[in-house]
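S.K.: For reference, the structure I am asking about is given below.
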Amino acid sequence: MIDVHAHLTDPAFIDLPEVIGRAKAAGVIAVVTSITDPADLPRAKEIIERYGGYVYLTVGLDPTLLSEEKLSAFRTALNAAPIVGVGEVGLDHFYVRESSLMETQERHFRECIKAAISLDKPLVIHSRSAGRKALEVLYSEGAERVLMHAFDGKSGDALAAAKKGYFFSIPTSVVHSEQKQKLVRLLPLESMMLETDSPVLSPVRGERNEPANLVHSARKVAEIKRISIEKVVETTFANASGFFRISV
Ligand SMILES: [Zn+2]
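Below is the structure:
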């Protein structure tokens, strides 16, 4: 299995060597870690150097960091480390609700999409309380290699995006989230990947999440789709390695 979305630079991972050890023991053969603040780049570089060939990096910009300085630092960071994608970037209408700030957020999102396309890197998208809007922006910018992470929008919008070739990563919180379970029921396995979003979205509410928990997502998808866990692992692995162009 590949954990396509985690935040290993998070200070919660003070015991990172043990966390990586448990992930390997649990059958996770690669982790894509995402930074959302360019200030985290030095720590991310340390991690991908230490765990080369196991941890891969995407560089993004938290949609609530709305300064021009952060946007410019994000652009610099894209070229300052080996990356497998751009993200997470996107829209967040849960934390940002004021119209002028929402406009700035959309403008920054469009800049992030353009940057990914010009670098020929896939996009990992955050779209909290803004699923449909984020998809509309992506369509209008002509984005093709897209992974919607922990999508909280309508399943119908997700299905339309899947038909265009967009992917959806199913977080470990699927074990208790009705909305994520509905998403799994509707989407074809060919459009899915698996993620933990560690340290958040734990299968057990309130606990720190870690990549070793990825199997909870695989197991729940298999249960909902009434297929074997092997089939889930095989297909989501092929989707993830092709999408990020990772050969493990
Ligand atoms: Zn995340």
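If you use my numbering, the sequence shown closes out at 742, no skipped numbers anywhere.
The C-beta atom is built at its ideal place from N, Cα and C for all residues, glycine as well.
Predicted model, so just to flag it, every value in this text is computed and none were measured.
Can you give the Cα-Cα distance for K568 and K615, rounded to whole angstroms?
M.R.: Stepping through the sequence shown from its first residue, residue 568 is reached at position 74. Stepping through the sequence shown from its first residue, residue 615 is reached at position 121. Per the sequence presented here, residue 568 reads as Phe, with Lys not at that position. Straight-line Cα distance between these residues: approximately 15 Å.
S.K.: Under 8 Å, do S663 and L688 count as touching if we go by C-beta distance?
M.R.: The count along the sequence shown starts at 1 and reaches residue 663 at position 169. The count along the sequence shown starts at 1 and reaches residue 688 at position 194. A contact, by the Cβ cut-off of 8 Å.
S.K.: Looking at the structure shown, is A500 part of a helix, part of a strand, or coil, going by DSSP?
M.R.: Numbered from 1 along the sequence shown, position 6 holds the residue referred to as residue 500. Strand.
S.K.: So, using beta-carbon positions, are Y550 and I514 closer together than 8 Å?
M.R.: Within the sequence shown, residue 550 is the residue found at index 56, counting from 1. Within the sequence shown, residue 514 is the residue found at index 20, counting from 1. No, the Cβ-Cβ distance between Y550 and I514 is not below 8 Å.
S.K.: Is V526 near T552, with beta carbons less than 8 Å apart?
M.R.: Working through the sequence shown from its first residue, we reach residue 526 at position 32. Working through the sequence shown from its first residue, we reach residue 552 at position 58. Closer than 8 Å, so yes.
S.K.: On the three-pair Cβ rule with 8 Å, is the segment 519-536 touching the segment 715-724?
M.R.: no
S.K.: Quick one: give me the first and last residue of the beta strand (DSSP E) that R622 is part of.
M.R.: Residue 622 sits at position 128 when you count from the first residue of the sequence shown. First-last of the beta strand (DSSP E) with R622: L617 to R622.
S.K.: Measuring from the CB of E540, is there a heavy atom of ligand 1 at a distance below 7 Å?
M.R.: Here the question's residue 540 lines up with position 46 in the sequence shown. For ligand 1, not one heavy atom lies less than 7 Å from the Cβ of E540.
S.K.: How far does the beta strand (DSSP E) with F738 in it reach, from first residue to last?
M.R.: Residue numbering aside, residue 738 sits at position 244 when the sequence shown is read from its first letter. Premise fails: F738 lies in the alpha helix (DSSP H), I723 to F738, not in any beta strand (DSSP E).
S.K.: Expressed to the nearest angstrom, what Euclidean distance is found between the alpha-carbon atoms of E724 and A656?
M.R.: Locating residue 724 in the sequence shown gives position 230, where the first residue counts as 1. Locating residue 656 in the sequence shown gives position 162, where the first residue counts as 1. Using only the alpha carbons, I get a separation of about 22 Å.
S.K.: Look at L565 and H602 and say whether their C-beta atoms are less than 8 Å apart.
M.R.: In the sequence shown, counting from the first residue as 1, residue 565 sits at position 71. In the sequence shown, counting from the first residue as 1, residue 602 sits at position 108. Their beta carbons are under 8 Å apart, which means L565 touches H602 by this criterion.
S.K.: Around the C-beta of F661, are 16 or more other C-beta atoms found within 10 angstroms, so that it is buried, or is it exposed?
M.R.: Mapped onto the sequence shown, residue 661 falls at position 167. The residue is buried, with at least 16 neighbouring Cβ atoms inside 10 Å.
S.K.: Can you give me the C-alpha to C-alpha distance between V590 and S621, rounded to a whole angstrom?
M.R.: By 1-based counting over the sequence shown, the position of residue 590 is 96. By 1-based counting over the sequence shown, the position of residue 621 is 127. For V590 and S621, the distance between alpha carbons rounds to 12 Å.
S.K.: Under 7 Å from any heavy atom of ligand 1, does the C-beta of E704 make it?
M.R.: Counting from one through the sequence shown, the residue named residue 704 turns up at place 210. Incorrect: E704 has no Cβ contact closer than 7 Å to ligand 1.
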